[in-house]
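At position 92 of the sequence shown the residue is numbered 92 (the UniProt record's numbering), and the sequence of numbers has no breaks. Input: a single structure, listed below in structure tokens.
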Amino acid sequence: MRVDVLTLFPEMFEGVFGSSILGKARERGLVSLNTVNFRDYANNKHNTVDDTPYGGGGGMVLKPDPIFAAVEAVTGRMTPTEPDDDPAEARAHAQEAAIEGQAEMESSRPPRVILMCPQGETFTQTKAQELSREEHLIFICGHYEGYDERIRSHLVTDELSIGDYVLTGGELPAMAVVDAVVRLLPGVLGNESSAVTDSFSDGLLEYPHYTRPVNFRGLQVPDVLLSGHHAEIDKWRRQQSLLRTHARRPELLEGAALSDKEKKWLEDAVKAQRDNAAR
């Protein structure tokens, strides 16, 4: 997979893309992680990427031309531009970094161009799994008041949000999405079952984990986990996952694939918990 992030602050990604799971995946050639400063594609004297909104109002709006040009450079579909005062060296350097592997990308299916914005679809594990099957992802990280609408309507394929709160820009959300997607790629995690059993991977929250020591300050590891009986362990974990999801994210159960037996067990378990709490 190839991931390109269009941002005004590429230095923000250096630590994230070079560390831990992402860094190891990058070193092993499992994913190509790149940043592109779309200011280098500004078609004006001062490399300006924003302007005041038509119709008035506060804040500044990101211009369409630098972002269109950067995306087209990354995908290998260049659109000629004539700058007022050609910043040739900066743009040539950015273009060289952005179109690495251009010929290869031209022969593959079109990339997903993802706009990180508060108006977008809420990012979920299901979306991460969908994106992990793509060959090329391009993320656009914005700042200021917002984007020129022509970016949204004529360039992007997806709009994503990571929650109903306000951040300074799209960089942190993009990092979160990239991390969630890349860890699902084959070979990225040391234990392939880790991605399968993560919270949300099956629509439910993950079961509790325990490790040594068996007894820590009087707190004991559940006996079933020490039994060596794998079928019973799997059953316990599934039941704990159901209980935790019901307690913390009950809305997830609406779309979960539960057997009639599991539904009955959960109903009885929740009732028992309530009865115990009432005593």
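For every residue, glycine included, the Cβ atom is placed at its ideal position computed from N, Cα and C.
Residue i: CB within 7 Å of a non-hydrogen atom of the ligand MG
{"i": "residue 214", "result": "The ligand MG is absent from the structure shown, which contains no ligands of any kind."}
Host beta strand (DSSP E) of residue i (start-end)
{"i": "residue 160", "result": "158-161"}
Residue i versus residue j: straight-line alpha-carbon distance, rounded
{"i": "residue 290", "j": "residue 241", "result": "The displayed coordinates of the chain run from 1 to 279. Any statement about residue 290 would go beyond what the structure contains."}
{"i": "residue 180", "j": "residue 125", "result": "8 Å"}
{"i": "residue 270", "j": "residue 261", "result": "14 Å"}
{"i": "residue 19", "j": "residue 55", "result": "45 Å"}
{"i": "residue 111", "j": "residue 253", "result": "33 Å"}
{"i": "residue 247", "j": "residue 36", "result": "43 Å"}
{"i": "residue 155", "j": "residue 137", "result": "13 Å"}
{"i": "residue 61", "j": "residue 149", "result": "10 Å"}
{"i": "residue 223", "j": "residue 236", "result": "11 Å"}
{"i": "residue 227", "j": "residue 220", "result": "14 Å"}
{"i": "residue 157", "j": "residue 276", "result": "51 Å"}
{"i": "residue 168", "j": "residue 143", "result": "7 Å"}
{"i": "residue 47", "j": "residue 41", "result": "8 Å"}
{"i": "residue 205", "j": "residue 233", "result": "17 Å"}
{"i": "residue 118", "j": "residue 210", "result": "37 Å"}
{"i": "residue 57", "j": "residue 131", "result": "36 Å"}
{"i": "residue 259", "j": "residue 268", "result": "14 Å"}
First through last residue of the alpha helix (DSSP H) which encompasses residue i
{"i": "residue 266", "result": "260-278"}
Residue i, buried or exposed, once every other Cβ within 10 Å from all chains shown has been counted against 16
{"i": "residue 39", "result": "buried"}
{"i": "residue 22", "result": "buried"}
{"i": "residue 257", "result": "exposed"}
{"i": "residue 182", "result": "buried"}
{"i": "residue 231", "result": "exposed"}
{"i": "residue 208", "result": "exposed"}
{"i": "residue 123", "result": "buried"}
{"i": "residue 5", "result": "buried"}
{"i": "residue 171", "result": "buried"}
{"i": "residue 52", "result": "exposed"}
{"i": "residue 63", "result": "buried"}
{"i": "residue 217", "result": "exposed"}
{"i": "residue 191", "result": "exposed"}
{"i": "residue 28", "result": "exposed"}
{"i": "residue 274", "result": "exposed"}
Member of the options whose CA lies at the smallest distance from the CA of residue i
{"i": "residue 280", "options": "3, 162, 161, 208", "result": "The structure shown does not extend to residue 280, since the chain spans only 1 to 279, so no value can be given for it."}
{"i": "residue 212", "options": "136, 225, 277, 139", "result": "225"}
{"i": "residue 69", "options": "61, 178, 140", "result": "140"}
{"i": "residue 116", "options": "109, 66, 151, 135", "result": "151"}
{"i": "residue 189", "options": "16, 251, 24, 119", "result": "24"}
{"i": "residue 113", "options": "279, 71, 46", "result": "71"}
{"i": "residue 238", "options": "227, 249, 214, 202", "result": "202"}
{"i": "residue 305", "options": "249, 243, 274", "result": "This structure leaves residue 305 out entirely; the chain is present only between 1 and 279."}
{"i": "residue 176", "options": "250, 160, 1", "result": "160"}
Next item on the list: List in chain order: all unbroken beta strand (DSSP E) runs of 3+ residues lying wholly within the UniProt domain "tRNA methyltransferase TRMD/TRM10-type" (108-254).
Entry: Qualifying beta strand (DSSP E) stretches, in chain order: 112-122, 136-141, 158-161.
Checklist line | Entirely enclosed alpha helix (DSSP H) segments - the UniProt domain "tRNA methyltransferase TRMD/TRM10-type" (1-76), minimum 4 residues | finding: Counting only runs of 4 or more, we get 14-17, 20-27, 64-75.
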